[in-house]
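Encoded as structure tokens, the structure appears first; notes follow it.
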Amino acid sequence: MLNRSLSLKLLSAVILFAAWEIAGRIPVSFAFPTFLESMDALIRMTRDGTIFEAYAETLQPLVVGVAISAVLGIGIGLWVGLNSFFDWLFSPIFIVMQAAPLAALIPLLVLAYGIGLTSKVLVVCIMAMPVIVLNTSSAVRNTPESIKEMGKSFLASDTSIMLKIIIPAASPVIFAGLRLGVSAGFIGAILAELKITPTGVGDIITYSRSIADYPSMYAAIFSIILLAVLFLNLLERLETVLFKGNQRGYVSD
Amino acid sequence: MVMSPTKLAAAGAATSEFESAVSTRNISKNYGEVEALRDLSLEFPRGQLTSLLGPSGCGKTTLLKIIAGLLEPTSGEVEVNGKKVTGPGPDRAFVFQDFALLPWATVMRNVAFGLEMRGVAKSEREAIAEKYIKEVGLAGFEQSYPHELSGGMRQRVGLARALSVDAQVLLMDEPFSAVDEQTRRKFQEDLLSLVQNENKTFIFVTHSIEEAVYVSDQIAILLPRPSRVHEIIRPSNFRDKGVDNIRRDSEYLDIVDDIWASLRTYVE
Amino acid sequence: MVMSPTKLAAAGAATSEFESAVSTRNISKNYGEVEALRDLSLEFPRGQLTSLLGPSGCGKTTLLKIIAGLLEPTSGEVEVNGKKVTGPGPDRAFVFQDFALLPWATVMRNVAFGLEMRGVAKSEREAIAEKYIKEVGLAGFEQSYPHELSGGMRQRVGLARALSVDAQVLLMDEPFSAVDEQTRRKFQEDLLSLVQNENKTFIFVTHSIEEAVYVSDQIAILLPRPSRVHEIIRPSNFRDKGVDNIRRDSEYLDIVDDIWASLRTYVE
Amino acid sequence: MIVFGYRLPGMSSLLVWGLLWEIIGQMKLTFFVPPLTKVMATLFEVIATSAFQKALAETAYAFGAGVFFAIVIGIPVGILMGKNRLLDELLLPWVNVFLSAPLTALVPVLMVLFGFGMKSIIITTTLFAIWIIILNSRAGVKQINRSLVEMAHSFGASPVDAFFKIYFWAALPEILGGVRIGIIRAVKGVIIGQLLISIVGFGALFELYSANFLMSHFWAVLIVLFALAFSISEFLAYLERRVAYYAAKR
Amino acid sequence: EPIRIALAETPSDELAAFFVALDRAKANGLDYEWTAFSDEELAIQAVLSGQMDIGFGTPYSAMQRSKAPLRIVFQLSKLKFFPVTTKKYSSLEDLNGEPILLHSRGGGTDSIANVIEERVGMKFGDRSYVPGSSNRVAALLGGRADATIIDLSNKNKLMRSEAADRFNVLEMFDVEASDEALFGNLTWIQENEAQVDIFVKALVSVWQDMHKDPTIVRRETNPDGPIGQLPKEILDELDGFYADAVAGGLYDPNGGGRKAAMADMEWYSAAGQLDGDASTLNIEDFWYLAPLDAASK
Ligand SMILES: Nc1ncnc2c1ncn2[C@@H]1O[C@H](COP(=O)(O)OP(=O)(O)OP(=O)(O)O)[C@@H](O)[C@H]1O
Ligand SMILES: Nc1ncnc2c1ncn2[C@@H]1O[C@H](COP(=O)(O)OP(=O)(O)OP(=O)(O)O)[C@@H](O)[C@H]1O
Ligand SMILES: [Mg+2]
Ligand SMILES: [Mg+2]
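Protein chains in written order, with the numbering used here: chain Z, 17 to 269; chain U, 1357 to 1624; chain G, 1357 to 1624; chain X, 859 to 1108; chain S, 513 to 809.
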């Protein structure tokens, strides 16, 4: 049945791209290029290297921001999940942050941190971090009591319980949080490039738009979405490799 | 109610003819307002299997966890081999009702987990685990993950893990309740031979009267909260009649009926 | 193996002395590659309780669902009261292992659900449901939600629902496996009196040999896939000895042992 | 958190943070952080202005319309995907792509396709919210206990009965969960839309205040917005808890 | 049917005079509605695609590239921008090879930088882009940049602040070219000639009155309009802003016209936004002068 699912995926891709192509040919709007034109622009930009230069710029705040959010987020999440005082103190902040539209903070970040890498990294962080922290802490809190007890009854030390039971048990939810965080981070990185200073892919988008080179604009958008999806798939693979037995959830469910 | 000859007077009565591996003395346990156990004393003879039987919510799990050192009693104390229990120790191993396997670890790693926690070197602990995996009949499944096993097989992993740390006391909380009836019958027979062959003390919680009578050397009946020991029964005479005959022994059937008569009123 | 006098030859054998309420003829069922049932024929006498007993995965549930009309057999046919089954019908009601209650509906609405689906007016169906709620001992819980009930009480709701549609055939798939042992014993006794009092035909799936022997007029033993009827047992002589004595009747015990002997090899 | 035997309410630590804010503000460490008291004073001033009320109305309109479409389209599509395998296999990859894609990159396309006004903002909002609603409704239908469906079938339920009396109710906890997350995302979407497309509503206020260094105005509106977003999400969480009693027991 | 106006920023002090003109036009029967876009490019696009009728911006490259008949009818403001640096630099030549902050790629400040390079014969180093003069001021104040180009009002604010002694405003040549202009689609303009005339007339009258007395902007501002509703802190600075603007020559009282058109063509070719030699370009391809001529009579 793998063939069926693969061919259906291809079929649905073909349908979507064909719809795009047709819409572009009608055209729905003079500013809406066809699929083939966009792909052509993408190939051209790949050939002459513009796209790589752009991604070198875009990925900087993204990678730095996501790395900081992941390390700090998981760290804080573990801490908040394990200690009721920190839970009380920090959880509300992150709960509010997760619910709130932090994009509104961007003008302020620009005022406070200027327009360099710092602000952009911060935008990525404020988008990505809350969900990572909240997922990690709730995963840690929800570690099945019985396997923790099992650890205790087999004389595991606190560190072993933490490293060999709590963290592996929490890993699926932590990874789910990471995935959400990374995708929010992508949103943040693009937002930063559209809102703070146009560099990298954001620059291709705004500049092509300003000179009415719509195929390039669509090519850039297409490529960033593709990149996000590839990146997230990679993360999923990583999780499967790291925690094999977790795939089916908890045995005690 | 007619007292059968095998039924002893209530709690704390003379089990002095046996040496106690575990003794609980005047244990009380409150969960906030809820009084789960009150002033419970009970002796567990060495090398024998003692069942705790009683209606749901009467405090069987609570008592078992207090013995395991996972819970602190509100008052009273537990001694294992004459030493007071203050926490989990290498002399006791727990078999959990819901198996409590690590879903991300192979059967091998799960069975070796107890030894891993005790700092046994990898090659050594795997050799030991290997042996017990074979013993419980799971040879060939060393590299499987728990989700690839049936309920009965998972419970055997839990059992192998408890056996591999070679504790003198095995605490089993409804170990067979999640496996189907026919498998369960098989397990009961296996358990009997385990008690016979290994010189360990078993403490066994169950809801099934037949199961308790079938596998136990001593049965402690607890009544609803706040729980104390209602009576202790020592089925003695049918032990040697062989696995196949126990279930039709009249003493066995008498005991089952007696227990059923005393518990019946508490069911629903 | 010694044939006991109550054991009949294999499938299709003379049950002609009884009138059949349900008969299955040459049923086969394949799930894709998996052949679950092969050429299975079985008669279910009217007004009696027939148990299906067999190792896990042998196709008991499959057979029950085919009779219920929830699954189509690959070949063969089912007749209920002489009429060929083509789908679910008002002559059969199902009692589910996991109760299958609507968690968002009260006990009253759950019990009345079968009637609601048949288009019975609200006041009328509630009157009927009321009666059966009382009958299964749940009076006072009409407005409770399933999650507020214990496992045993939930199963009674499922039973009341099946009874309230007044079907002639009751199909029960391991109805007691999710309730605790002590409650289960109680249920078995209740079931016996139900069979006696209501003139209904019961088809009962269980894993427990004792349970099957205890409650059944006829036991069909299925062996592993592809399943056919291995033997049919009709425990006949201990029926009248009274509830308390059945469990120590030697015929009862012989049958249990016999069945265990034939099933044992298939367990895990 | 339990102090001297009293359980502190969940959100009470925000008071501590508020106090910290006030202290930092009073110390005049940076003009970005005016004292909380000053922000609160500005807050009451700002709320009374018609500019604020207009922003609120515009934002609420875009938000409401966006969420409305997300729910009205998302739930049926999700349920259909849960029930129909072919549809599921055709749509699921795209739902997953759009769920995790950086939607901000699509905003420029929306502007081209749907214009620069409210319409694009509403569509942005819908796009932020809809995918998770679809996915959750689908999951809700997928996890329905087979035996509930069989039970209804065995009592002769018609397909319509089954849909309204079983499927919808059984999937309700997941659907509500999806709607809650969707709405939280929609709040982000509506603000991002207002910042990137046409500057209206709260987006306009933020731009204006930050361009003119009116920090206490900025924070005041931000607090209002956070509070609104937070109350909406808590309200939905409350609804979710109302059905939680059966979520675990289906 | 109201005419639809595309603003390129949120209504703020710089748009106060424009809104005063709108009020006057309204009194003469103009029916309008406005939408604020987050930048000029979007406003241009909205007019190009017909979603808006008249917009803010200097769409020279769009006019040439898209072949859509966009025409400017009124010059709203001139490119009065000022290179401001820290004390590190004292003339434009010093900036050779040095990094600089500008508004946006292809925008007004970018073209100023291009022309500076050409006229002074130097080359800036890295250009980074920060939309909003105030943000660039913040960057200067925060020590995150040493050189930028900012608008008149922000230059004045900065140079009047306590931090003024840390910065230099560099000498620069005068620029007559447009920063913001009002433009629309020629077909639409001709179909709605009457409306456009009312509008341009109102603009010219306000621009002229403002040169006589900058405070009329504050006085005529409708307290219930988008400007009147701004926080008091902003309104209080309106008089100062317009006094500075008039003094600095930011606004042309005659709405630009031919003079501005010539300057624009020259400027934007030099800046690289228009292809071809300025002398070969045709005013009629970029401006539609009829409404302004009518208003000036
Ligand atoms: N953590 C806890 N907090 C409060 N009450 C508890 C807790 N654990 C158990 N109890 C209560 O203590 C009593 C005894 O519980 P326990 O789990 O020991 O019963 P049990 O005999 O094992 O029941 P079962 O047969 O259902 O497993 C019950 O009434 C239960 O409600
Ligand atoms: N929908 C299905 N698709 C494929 N195979 C199935 C399906 N349902 C059941 N089977 C297979 O058919 C066989 C019989 O299943 P069935 O559920 O009838 O067994 P059972 O006797 O009821 O088992 P248990 O005692 O565990 O309930 C099993 O091997 C099972 O794996
Ligand atoms: Mg228990
Ligand atoms: Mg079954």
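Virtual Cβ for every residue (Gly too), placed ideally from N, Cα, C. This one's a predicted model, so the numbers in the text were calculated from it and none came from an experiment.
| Asked | Found |
| --- | --- |
| Close beta carbons around residue 1493 (chain G), own chain, < 8 Å, minus the five adjacent residues each side | 1512 |
| Cβ-based contacts, 8 Å cut-off: residues of the segment 1397-1429 of chain G near chain X | 1421, 1424, 1425, 1426 |
| Helix, strand or coil at residue 1360 (chain G) [DSSP, three-state] | The predicted model places residue 1360 (chain G) with a pLDDT of 43, which falls under 50 and marks its position as unreliable, so this point remains unresolved. |
| Collapsed DSSP secondary structure at residue 1408 (chain G) in the structure displayed | strand |
| C-beta neighbour in chain U for residue 267 (chain Z), strict 8 Å | Any reading at residue 267 (chain Z) is ruled out, since the residue's pLDDT is 32, under 50, leaving its predicted position unreliable. |
| Per-residue DSSP class, three states only, for residue 799 (chain S) | strand |
| Contacts of residue 1521 (chain G) in chain X (Cβ-Cβ under 8 Å) | 1013 |
| Whether residue 205 (chain Z) touches residue 112 (chain Z) by CB criterion (8 Å) | no |
| Test item: CB-CB of residue 531 (chain S) and residue 738 (chain S) under 8 Å | yes |
| Start and end residues, alpha helix (DSSP H) containing residue 1470 (chain G) | 1463-1473 |
| Chain-ordered chain U contacts of residue 1563 (chain G) [CB-CB under 8 Å] | 1536, 1537, 1538 |
| Integer-rounded CB distance, given that residue 593 (chain S) should sit under 8 Å from residue 624 (chain S) | 5 Å |
| Span separating the alpha-carbon of residue 253 (chain Z) from that of residue 22 (chain Z) | 18 Å |
| 7 Å Cβ cut-off: residues of chain S touching residue 220 (chain Z) | Under the 7 Å cutoff, chain S gives no residues; its nearest Cβ is about 11 Å from residue 220 (chain Z). |
| Residues sharing a beta bridge with residue 1448 (chain G), DSSP | G:1525 |
| Contacting residues, own chain, Cβ-Cβ under 7 Å from residue 1065 (chain X) (five flanking each side not counted) | 1057 |
| Residue 1417 (chain G): CB within 7 Å of a non-hydrogen atom of ligand 4 | yes |
| Neighbour-count burial assignment, residue 1478 (chain U), 16 or more Cβ in a 10 Å radius | exposed |
| Residue 1359 (chain G), buried or exposed, once every other Cβ within 10 Å from all chains shown has been counted against 16 | For residue 1359 (chain G), the pLDDT reaches just 40, beneath the cut-off of 50, and the residue's location in the model is therefore unreliable, leaving the point undetermined. |
| Secondary structure of residue 679 (chain S), DSSP reduced to three states | strand |
| Residue 1366 (chain G), buried or exposed, once every other Cβ within 10 Å from all chains shown has been counted against 16 | With a pLDDT of only 42 at residue 1366 (chain G), under 50, the local geometry of the prediction cannot be trusted, and the value read off the model is given with reservation. Exposed. |
| Residue environment, residue 669 (chain S), which counts as buried when at least 16 other CB atoms sit within 10 Å | buried |
| Residue-level contact to chain Z via CB, residue 1508 (chain U), 8 Å cutoff | no |
| Short CB-CB distance (under 8 Å) between residue 272 (chain Z) and chain U | No answer is possible for residue 272 (chain Z): it lies beyond the span of chain Z, which begins at 17 and ends at 269. |
| Assigned secondary structure, residue 504 (chain S) (DSSP; H/G/I helix, E/B strand, else coil) | Chain S is shown from 513 up to 809; residue 504 (chain S) falls before or after that span and cannot be answered. |
| Pair within 8 Å by beta-carbon distance, residue 656 (chain S) and residue 599 (chain S) | no |
| Buried/exposed call for residue 1567 (chain U), threshold 16 Cβ in 10 Å | buried |
| Enclosing alpha helix (DSSP H) for residue 1662 (chain G) [first to last residue] | Since the first residue shown for chain G is 1357 and the last is 1624, residue 1662 (chain G) is missing from the structure and cannot be characterised. |
| Span of the alpha helix (DSSP H), counted from its first residue to its last, around residue 1504 (chain U) | Here residue 1504 (chain U) belongs to no alpha helix (DSSP H), and DSSP marks it neither H nor E. |
| Exposed unless 16 or more other CB atoms sit within 10 angstroms - verdict on residue 1387 (chain G) | exposed |
| N-terminal and C-terminal residue of the beta strand (DSSP E) that residue 1588 (chain G) is part of | 1585-1589 |
| Listed by chain order, chain X residues near residue 746 (chain S) by CB distance under 9 Å | 1066, 1070, 1072 |
| Buried/exposed call for residue 62 (chain Z), threshold 16 Cβ in 10 Å | exposed |
| Pair within 8 Å by beta-carbon distance, residue 524 (chain S) and residue 763 (chain S) | no |
| Alpha carbon of residue 1580 (chain G) to alpha carbon of residue 1537 (chain U), nearest angstrom | 16 Å |
| C-beta neighbour in chain Z for residue 1084 (chain X), strict 8 Å | yes |
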